[in-house]
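Residues 178 to 598 (our numbering) make up the sequence shown, in order. Ideal Cβ placement from N, Cα and C applies to all residues, glycine included. On a predicted model such as this, the values are computed, not experimentally measured, just so you know. Inspection log for the structure reproduced underneath, given as structure tokens.
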Amino acid sequence: MHLLRLALASLTNRRFTALLTVFAIALSVCLLLAVERVRTEARASFASTLSGTDLIVGARSGPVNLLLYSVFRIGNATNNIRWESFRHFAEHPRVKWAIPLSLGDSHRGYRVLGTTPAYFEHYRYGRQQPLELKEGRAFAADPFEVVLGAEVAEALHYRPGDEIVLAHGVAKISLTRHDDKPFRVVGILGRTGTPVDRTLHINLAGMEALHVDWRGGVPAQGSARIDAEQARRLDLQPKAVTAFLLGLDSKIATFAVQREINDYRGEPLLAILPGVALQELWSLMGTAEQALFVVSLCVVLTGLIGMLTAILASLNERRREMAILRSLGARPWHIAGLLVLEAFALALAGILLGLALLYLGILLAQGPLQAAYGLYLPFAAPSAYEWLLLGAILLAALPLGGVPAWRAYRQSLSDGLSIRL
178 MHLLRLALAS LTNRRFTALL TVFAIALSVC LLLAVERVRT EARASFASTL SGTDLIVGAR
238 SGPVNLLLYS VFRIGNATNN IRWESFRHFA EHPRVKWAIP LSLGDSHRGY RVLGTTPAYF
298 EHYRYGRQQP LELKEGRAFA ADPFEVVLGA EVAEALHYRP GDEIVLAHGV AKISLTRHDD
358 KPFRVVGILG RTGTPVDRTL HINLAGMEAL HVDWRGGVPA QGSARIDAEQ ARRLDLQPKA
418 VTAFLLGLDS KIATFAVQRE INDYRGEPLL AILPGVALQE LWSLMGTAEQ ALFVVSLCVV
478 LTGLIGMLTA ILASLNERRR EMAILRSLGA RPWHIAGLLV LEAFALALAG ILLGLALLYL
538 GILLAQGPLQ AAYGLYLPFA APSAYEWLLL GAILLAALPL GGVPAWRAYR QSLSDGLSIR
598 L
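Structure below.
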């Protein structure tokens, strides 16, 4: 106890250097814990990019490919699904709701999604959070209405009432534009931190209207061309969709309905569990995840080495202090223990300050992170794994403190101040 008080008094005497060392350790600890929390919550957030959906159904390909184009709007489907097949499963007795998805066109690099009003009613993300309209309303019966994701509206400076023209295909620069069928912005969704933010949502009838006068992948010319007013008077019942989402009346029915879809004789279909497919996709990014963690560990090691450097640099200046302590009866192991205790106290103070900085950062950034990226960082006590990391940092300070302790021990002996009993 006396040795601990002496170590604290010594650190107080060198408060400026000690505070800088503590702050360096605190920053590294804060970064380590922040990276760990972001890593954990990013995994959870990624897994909940789509929530509340029991099955995703598309043309038979692979689970990851189906997930990429249906949820993340990346890539294209190997084939479309006939409208009759969608209706067959939408009317299944175990299906509570169904959302058709039709992909194909784009607008200045952003994907266009054709769907129905059920999308705004039943689509969930994160922790079962519904889609919310920041401005305007959802599209209605008019096929030429569009609802924008938050990122699209912000990047392209669109507001409700603006007219936009969609382009054929998914390239950022398209040579084929649907100039004769402009869409009017009627709503803008709030930020979700998911691919919804980067999507333009139109009615399935609107998607059908865009290509109603196309033949063989080429738009009609001259008098054969159908404009928006003419298209509104046509039967715009879709003939096919890219994929569809299903919500069932019971989780118990999930595997039975999945088998029924996969064995469907009408056409080759694939039904996947969103959570399983999302975890499979996340596992492909495991290397980057571990690399981020290793970098944060290196930062912590740098902070501890900075502590070691500060203590070693002060040893020559403290020879007189050590000599006085020896003259008062301190043994060499007292001197060594004093420096180990100093290292331990610096590490402990750095950990406590690092925790305080972490929670302050969470308090300030929690709202903006969730709004901009859909990443929710809980204001919760450290997990068992985080306590393990903090304990490892504290234990690592002991052998690092042993290095200057050994040097101080040798210096006290070489100074000829050993007390003979």
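Beta-bridge partners of residue i, as assigned by DSSP
i, result
"Leu-377", "Val-289, Leu-325"
"Gln-306", "Tyr-302"
"Phe-360", "Ile-341"
"Trp-274", "Gly-424"
"Ala-448", "Val-234"
"His-284", "Tyr-287"
"Ser-279", "Gly-291"
"Glu-312", "Ile-365"
"Arg-354", "Ala-344"
"Ile-258", "Val-418"
Exposure label - residue i; buried when at least 16 CB within 10 Å
i, result
"Val-342", "exposed"
"Asp-440", "exposed"
"Pro-545", "exposed"
"Gln-435", "buried"
"Leu-601", "With the chain covering 178 to 598 only, the question about residue 601 has no answer from this structure."
"Ala-533", "exposed"
"Arg-597", "Any reading at Arg-597 must be qualified, since the residue scores a pLDDT of 43, below 50, and its modelled position is unreliable; the value itself is stated next. Arg-597 comes out exposed."
"His-284", "buried"
"Ala-569", "exposed"
"Asp-374", "buried"
"Thr-371", "buried"
"Arg-288", "buried"
"Leu-423", "buried"
"Phe-421", "buried"
"Leu-566", "buried"
"Thr-486", "exposed"
"Ala-273", "Checking the sequence, you will find Lys at residue 273 rather than Ala. Exposed."
Nearest-angstrom Cβ-Cβ length linking residue i and residue j, presumed shorter than 8 Å
i, j, result
"Ile-276", "Thr-255", "Actually they do not touch by this definition, with Cβ atoms about 20 Å apart."
"Glu-309", "Phe-316", "Not confirmed; about 15 Å, so no contact."
"Asp-282", "Leu-387", "6 Å"
"Leu-554", "Gln-543", "6 Å"
"Val-206", "Gly-527", "6 Å"
"Ala-203", "Gly-531", "4 Å"
"Leu-518", "Val-199", "Not really, about 15 Å apart at Cβ, beyond 8 Å."
"Arg-368", "Ala-327", "4 Å"
Distance cut-off 7 Å: residue i Cβ against heavy atoms of the ligand NAP
i, result
"Thr-486", "Among the ligands in the structure shown, none appear at all, so the ligand NAP cannot be discussed."
Query raised in the report: What are the start and end residues of each continuous beta strand (DSSP E) run of 3 or more residues lying completely inside the region 195–245, in chain order?
Result: As far as the region 195–245 is concerned, its whole beta strand (DSSP E) runs of at least 3 residues are 232–236.
Query raised in the report: Quick check: the region 555–567 against the region 230–243, are there 3 or more CB pairs under 8 Å?
Result: The region 555–567 vs the region 230–243: no contact.
Query raised in the report: Are at least three pairs of beta-carbons, each pair with one atom in the region 465–482 and one in the region 261–268, less than 8 Å apart?
Result: The region 465–482 is not in contact with the region 261–268.
Query raised in the report: On the three-pair Cβ rule with 8 Å, is the region 214–234 touching the region 448–461?
Result: Taking a contact to require three or more Cβ pairs closer than 8 Å, the region 214–234 and the region 448–461 qualify as touching.
**Report entry** Inter-stretch contact at 8 Å, needing at least 3 Cβ pairs: the region 410–428 / the region 210–217
**Finding:** Cβ pair count under 8 Å is below three, so no.
Query raised in the report: Is the region 404–415 close to the region 243–250, with three or more CB pairs under 8 Å?
Result: Contact between the region 404–415 and the region 243–250 is absent, because fewer than three Cβ pairs lie under 8 Å.
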